[in-house]
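Chains A and B, in that order, are what the protein sequence lines are.
Those letters in the first sequence? Residues 0 to 278, by numbering that gives the first Met the number 0.
Those letters in the second sequence? Residues 0 to 278, by numbering that gives the first Met the number 0.
These notes are about the structure you will find just below.
There are 2 protein chains.
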Amino acid sequence: MAEELIKALTKDSYDVSQLSEDERLLLAEIKPQRLHFEKDSVVFREEEPANYFLLMKEGICFNHRHLEDGSRQVMDLYFPGEVIALSELPLEAHVSGLTTLSDAVILAYDKAEITEKCSRTARLSRLFMELLFREQAILTERLVEVARHSANKRVAHFLLDINQRLPPSTKLLHHAGADALSACCSPKSLTGLSNLVGIPQVLIADALGLSIVHVNRVLRQFKEAGWIRIRSQGIELLDIDALKVAAGWESEGEARSILHNQHGALNGDTARSHVKDNQ
Amino acid sequence: MAEELIKALTKDSYDVSQLSEDERLLLAEIKPQRLHFEKDSVVFREEEPANYFLLMKEGICFNHRHLEDGSRQVMDLYFPGEVIALSELPLEAHVSGLTTLSDAVILAYDKAEITEKCSRTARLSRLFMELLFREQAILTERLVEVARHSANKRVAHFLLDINQRLPPSTKLLHHAGADALSACCSPKSLTGLSNLVGIPQVLIADALGLSIVHVNRVLRQFKEAGWIRIRSQGIELLDIDALKVAAGWESEGEARSILHNQHGALNGDTARSHVKDNQ
DNA sequence: CGGTTTTTTGATGGACGTCAACCCAAGTGG
DNA sequence: CCACTTGGGTTGACGTCCATCAAAAAACCG
Numbered sequence: 000m001a002e003e004l005i006k007a008l009t010k011d012s013y014d015v016s017q018l019s020e021d022e023r024l025l026l027a028e029i030k031p032q033r034l035h036f037e038k039d040s041v042v043f044r045e046e047e048p049a050n051y052f053l054l055m056k057e058g059i060c061f062n063h064r065h066l067e068d069g070s071r072q073v074m075d076l077y078f079p080g081e082v083i084a085l086s087e088l089p090l091e092a093h094v095s096g097l098t099t100l101s102d103a104v105i106l107a108y109d110k111a112e113i114t115e116k117c118s119r120t121a122r123l124s125r126l127f128m129e130l131l132f133r134e135q136a137i138l139t140e141r142l143v144e145v146a147r148h149s150a151n152k153r154v155a156h157f158l159l160d161i162n163q164r165l166p167p168s169t170k171l172l173h174h175a176g177a178d179a180l181s182a183c184c185s186p187k188s189l190t191g192l193s194n195l196v197g198i199p200q201v202l203i204a205d206a207l208g209l210s211i212v213h214v215n216r217v218l219r220q221f222k223e224a225g226w227i228r229i230r231s232q233g234i235e236l237l238d239i240d241a242l243k244v245a246a247g248w249e250s251e252g253e254a255r256s257i258l259h260n261q262h263g264a265l266n267g268d269t270a271r272s273h274v275k276d277n278q
Numbered sequence: 000m001a002e003e004l005i006k007a008l009t010k011d012s013y014d015v016s017q018l019s020e021d022e023r024l025l026l027a028e029i030k031p032q033r034l035h036f037e038k039d040s041v042v043f044r045e046e047e048p049a050n051y052f053l054l055m056k057e058g059i060c061f062n063h064r065h066l067e068d069g070s071r072q073v074m075d076l077y078f079p080g081e082v083i084a085l086s087e088l089p090l091e092a093h094v095s096g097l098t099t100l101s102d103a104v105i106l107a108y109d110k111a112e113i114t115e116k117c118s119r120t121a122r123l124s125r126l127f128m129e130l131l132f133r134e135q136a137i138l139t140e141r142l143v144e145v146a147r148h149s150a151n152k153r154v155a156h157f158l159l160d161i162n163q164r165l166p167p168s169t170k171l172l173h174h175a176g177a178d179a180l181s182a183c184c185s186p187k188s189l190t191g192l193s194n195l196v197g198i199p200q201v202l203i204a205d206a207l208g209l210s211i212v213h214v215n216r217v218l219r220q221f222k223e224a225g226w227i228r229i230r231s232q233g234i235e236l237l238d239i240d241a242l243k244v245a246a247g248w249e250s251e252g253e254a255r256s257i258l259h260n261q262h263g264a265l266n267g268d269t270a271r272s273h274v275k276d277n278q
């Protein structure tokens, strides 16, 4: 029953993908509650006590924070199989609210139980660490993203990111089944056709820190370029490659191979090279 | 000898501040290398193999990434007692470079040794988790910060943040000893006088994703308002309260008390309240 | 003291927010 | 079946913030 958890924790993990039999047994003891929500319902609010470790089972939701000025910052979206608001796990109370974007099923594990199990086996907590590290990497990426890139790039990046994380089942919502599949599965990601479920534009705006008006403008540009199509409450990606170019995607992440091996001081050299490689 | 590590790991930690005797012994076995660097030297570069867990002992340094367009993103600054680039711990190679801003001493722990020790005791890895969670919280804060706030706010925030993390010893660089101390130690942070060591403006710009020209303009505004004074290669904070107002500081972080307890669905209620609390 | 960075300042333009409409689809109640 | 509402999306006019370009001034470094 807790296979869900194991799957989530080991999802494309680097190397720690298999647990010992002991650990499997430990985990299997944890029974989650299975919670159903309808579209647009509030799972929890900011400042509310946080007692559960949450795992997205079906549907989509997002967490958000309200700022002093009344605006809203969308922190992240969550898709099936993803851990929800991991960074709030150790907190007594939530610092962000969680709202569903569609009908959804969420698995709720008792937090105390989890941490108890964790402290029992070092291996398990290392899995969590793994997860944390991955989250951090993503956050860092997003930070750079938001700090440096234009609205166009941000929106393109956002669309691609969402599209990538969107599970195939959800993608096939409309027609275009084969195309969507090939577009998402082929490593070369040929210009395909895929679909985003009802993500309102205001959400994109709040996620990227842009005004809804400007998001709309950008989307219109994309539409006129033939890269996307806009349906009621949803965006269809038509030309993924073009979007990748617009986003400056450069197959980031995995492609950081170790190329120029001029070493810094830690690896031998002691050059006093000033920090002027930029521009 | 590894007391340094313990101190860093437990620094204002929530509750896991003390280790068992066993764990202390385990840690004490890890002997760091003590590395000395002079100002503006490169500790490591991007893409370089990452073999050490680094702890700032003396001085200041920062890590940074080079973007496609040739510009530089400063990821974070590190002050004495802080763990360096924690998020890169599990990575084979660094994704950011590290450069010193002043003469510096860095403690380097063998990574393999650390992780080995970690997997031996669950408690120790929980400490690391603690650290990771804290980093995440900070990153999240920064994300919101960068996404939503004006240059003025960002700069003000940056100055305050740095000022807070700057250890007293470094602050006393010039004169103004007593004032600096009271300004940093008193909880009410009365309008005081403190000092930032040689942080070039270009670094602020690269950290905040602003142009150096604009950073300079903002600083000039602050100067003309009498909030800061600019010395060669350094900025002195004169009116911290005014800066806090400018930054929209609102004593963030700790002050998030649990106030309005209207519960979301997870805590009983099942209201279908739409997501329209903003604006 | 010249060369090299940093800081400072001005002028100009583009990107993006704000305001204010209008459109359109989906209810909702009569 | 139709008026009315309601919430999102769409569009234009306009202003602000901030990047860019360019160049002077100041600080630094041998």
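Beta carbons are placed, not taken as given, at the ideal position from N, Cα and C, and that holds for glycine.
Nearest-angstrom Cβ-Cβ length linking residue i and residue j, presumed shorter than 8 Å
| i | j | result |
| --- | --- | --- |
| B:Ala111 | B:Leu34 | Wrong, their Cβ atoms sit about 18 Å apart, outside the cutoff. |
| B:Phe157 | B:Ala84 | 19 Å between Cβ atoms; not a contact. |
| B:Leu159 | B:Lys243 | 6 Å |
| B:Asp74 | A:Thr139 | In the sequence on display, residue 74 of chain B carries Met and not Asp. Indeed they touch by this definition, with Cβ atoms about 7 Å apart. |
| A:Gln135 | B:Leu131 | 7 Å |
| B:Ala229 | B:Leu218 | The sequence shown places Ile at residue 229 of chain B, rather than the Ala named in the question. Sure, about 6 Å apart at Cβ, within 8 Å. |
| B:Thr120 | A:Ala121 | 7 Å |
| A:Arg125 | B:Ser118 | 6 Å |
| B:Glu67 | A:Gly247 | 6 Å |
Selection from the options that minimises the alpha carbon distance to residue i
| i | options | result |
| --- | --- | --- |
| A:Asn162 | A:Val143, A:Gly197 and A:Asn151 | A:Gly197 |
| A:Arg141 | A:Val154, A:Leu85 and A:Phe221 | A:Val154 |
| B:Gln200 | B:Leu100, B:Leu85 and B:Ala121 | B:Leu100 |
| A:Phe78 | A:Arg71, A:Thr98 and A:His65 | A:Thr98 |
| B:Gly58 | B:Arg230, B:Val104, B:Val217 and B:Glu144 | B:Val104 |
| B:Tyr95 | B:Leu126, B:Arg71, B:Arg216 and B:Asp240 | Before going further, note that residue 95 of chain B is Ser rather than Tyr in the sequence given. Of the candidates B:Leu126, B:Arg71, B:Arg216 and B:Asp240, the one whose C-alpha sits nearest the C-alpha of B:Ser95 is B:Arg71. |
| A:His148 | B:Ile137, B:Glu91, B:Gly208 and B:Glu129 | B:Gly208 |
| B:Asn151 | B:Lys38, B:Ala241 and B:Val42 | B:Ala241 |
| B:His93 | B:Cys60, B:Thr120 and B:Pro48 | B:Pro48 |
| B:Val41 | B:Cys60, B:Ala27 and B:Glu28 | B:Cys60 |
| B:Ala28 | B:Leu88, B:Asp109, B:Phe36 and B:Glu46 | Contrary to the premise, residue 28 of chain B reads as Glu rather than Ala in this sequence. Among B:Leu88, B:Asp109, B:Phe36 and B:Glu46, the Cα nearest to that of B:Glu28 is on B:Asp109. |
| A:Arg64 | B:Ser210, B:Ile227, B:Arg164 and B:Glu144 | B:Glu144 |
| B:Arg133 | B:Phe52, B:Glu81 and B:Gly225 | B:Glu81 |
| A:Asp102 | A:Phe36, A:Ile211, A:Gln220 and A:Val212 | A:Phe36 |
| A:Gly233 | A:Leu123, A:Ala224 and A:Asn215 | A:Asn215 |
| B:Asn62 | B:Glu235, B:Ile203, B:Lys116 and B:Trp226 | B:Ile203 |
| B:Phe52 | B:Ile137, B:Glu87 and B:Gln220 | B:Glu87 |
Residue i, enclosing alpha helix (DSSP H) - first and last residue
| i | result |
| --- | --- |
| B:Asp240 | Ile239 to Ala246 |
| B:Thr120 | Unbroken run through B:Thr120: none, as it is neither H nor E. |
Residue i - DSSP class collapsed to helix/strand/coil
| i | result |
| --- | --- |
| A:Arg219 | helix |
| A:His148 | coil |
| A:Phe43 | strand |
| B:Asn162 | helix |
| A:Leu53 | strand |
| B:Glu28 | coil |
| A:Glu81 | coil |
| B:Val73 | strand |
| B:Val94 | coil |
| B:Glu235 | strand |
| A:Leu209 | coil |
| A:Leu100 | coil |
| B:Leu34 | strand |
| A:Leu142 | helix |
N- and C-terminal bounds of the beta strand (DSSP E) containing residue i
| i | result |
| --- | --- |
| A:Ile198 | That residue, A:Ile198, is in no beta strand (DSSP E); it is neither H nor E in DSSP. |
| A:Phe61 | Cys60 to His65 |
| A:Asp109 | Ala103 to Asp109 |
Using a Cβ-Cβ cut-off of less than 9 Å, give me the residues of the region 65–83 of chain B that come near chain A, in sequence order. His65, Leu66, Glu67, Asp68, Gly69, Ser70, Arg71, Gln72 and Met74
To be precise: take each residue of the region 132–152 of chain A, compare its Cβ to all Cβ atoms of chain B, and keep it if any distance is under 7 Å. Which residues remain? Phe132, Glu134, Gln135, Ala136, Leu138, Thr139, Arg141, Leu142, Val143, Val145, Ala146 and Arg147
Near-chain B residues of the region 110–124 of chain A - C-beta to any C-beta below 9 Å: Thr114, Cys117, Ser118, Arg119, Thr120, Ala121, Arg122, Leu123 and Ser124
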